[in-house]
Amino acid sequence: GENVEQHPSTLSVQEGDSAVIKCTYSDSASNYFPWYKQELGKGPQLIIDIRSNVGEKKDQRIAVTLNKTAKHFSLHITETQPEDSAVYFCAATSGGTSYGKLTFGQGTILTVHP
Amino acid sequence: SQTIHQWPATLVQPVGSPLSLECTVEGTSNPNLYWYRQAAGRGLQLLFYSVGIGQISSEVPQNLSASRPQDRQFILSSKKLLLSDSGFYLCAWSKGGETQYFGPGTRLLVL
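Chains A and B supply the protein sequences, listed in that same order. The first sequence begins at -12 in the numbering used here and counts up one residue at a time. The second sequence begins at 3 in the numbering used here and counts up one residue at a time.
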């Protein structure tokens, strides 16, 4: 089955700096890659996603890149703000089933210092 | 727009007691529904998923069970809770088996 590795496990940056979180996946059939942000005590919220027919997607300060050959994808946050502090999860799915099983990375705790 | 609800928000239960967590989705029909458990704020483990009423699939053997009595209702149950059942339980829905949207979660503490 699919295996998703996420790095780093913790990331500390100064406000205004950029943050990059990287994930690798094992199943070459995976074709959908969402990123979630989870604040303390809340459910994960989808922040951006990318499909395998696209190499990069951007939404304001957030961007995701995908390298299908190397089987890795990354989340880029620019001009970080204290409210970006949260746990971020990457995930991957092959989409080959009717229920769309997502395999999640272990998460990255991002701390943005004012 | 679609909304997903979970209750209760928090629950403290003694070992050996029963459990019932409820999840409902509004604003969509025939969604895929999922139950996840998250331990120590990291890593989401898929417990059950359902593609329709009465259709439940289990991902891992455990002390829990799930049911889907109505199209937009998903219930997580246990007859006798164990200490190891403590955690943060998340319900999610998707349409067409791709993007999943999560509920606010239920924090369960078994003492």
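C-beta atoms are modelled at their ideal positions from N, C-alpha and C, and glycine is treated no differently. The model shown is predicted, which means the values in this text are computed figures rather than measured ones.
Item                                                                                                                                                        : Value
Taking the beta strand (DSSP E) that Leu23 of chain B belongs to, which residues open and close that run?                                                   : Leu21 to Glu28
Could you tell me how far apart the beta carbons of Leu62 of chain A and Ile8 of chain A are, in whole angstroms, since I believe they sit closer than 8 Å? : 5 Å
Would you say Phe157 of chain A lies against chain B (beta-carbon separation less than 8 Å)?                                                                : Outside the displayed range of chain A (-12 to 101) lies residue 157 of chain A, so it cannot be described from this structure.
Considering Cα atoms alone, identify which of B:Leu78, B:Trp95 and B:Leu49 is closest to Glu28 of chain B.                                                  : B:Trp95
For Lys44 of chain A, return the contacting residues in chain B, with the cut-off set at a CB-CB distance below 7 Å.                                        : The premise fails here: Lys44 of chain A is roughly 14 Å from chain B at the closest Cβ pair, so nothing lies under 7 Å.
Closest to Val62 of chain B by C-alpha separation, out of B:Gln4, B:Gln72 and B:Leu48, would be which residue?                                              : B:Leu48
Find the nearest neighbour of Gly(-12) of chain A within the set A:His100, A:Leu89, A:Thr98 and A:Gln93, judged by alpha-carbon distance.                   : A:Leu89
Taking 8 Å as the threshold (beta carbon to beta carbon), is Pro101 of chain A in contact with chain B?                                                     : no
In whole angstroms, what separates the C-alpha of Lys81 of chain B from that of Ser88 of chain B?                                                           : 15 Å
Whose Cβ in chain A lies nearer than 7 Å to the Cβ of Thr30 of chain B?                                                                                     : Those do not exist, as Thr30 of chain B stays about 15 Å from chain A at its closest Cβ, beyond 7 Å.
Note down, in chain order, all residues in the segment -6 to 15 of chain A with a beta-carbon under 8 Å from any beta-carbon belonging to chain B.          : none
State yes or no: is the C-beta of Trp37 of chain B within less than 8 Å of the C-beta of Tyr91 of chain B?                                                  : yes
For a test of your reading of the model: does the CB of Trp95 of chain B fall under 7 Å from any non-hydrogen atom of the ligand SAH? Yes or no.            : As far as ligands go, the structure on display features none, and thus does not contain the ligand SAH.
Would you check if the distance between the CB atom of Ile64 of chain A and the CB atom of Ser(-1) of chain A is smaller than 8 Å?                          : no
Determine the contact status of Glu2 of chain A and Thr67 of chain A, defining contact as a CB-CB distance below 8 Å.                                       : yes
Taking the alpha-carbon positions, what's the Gly56 of chain B to Ser69 of chain B distance?                                                                : 7 Å
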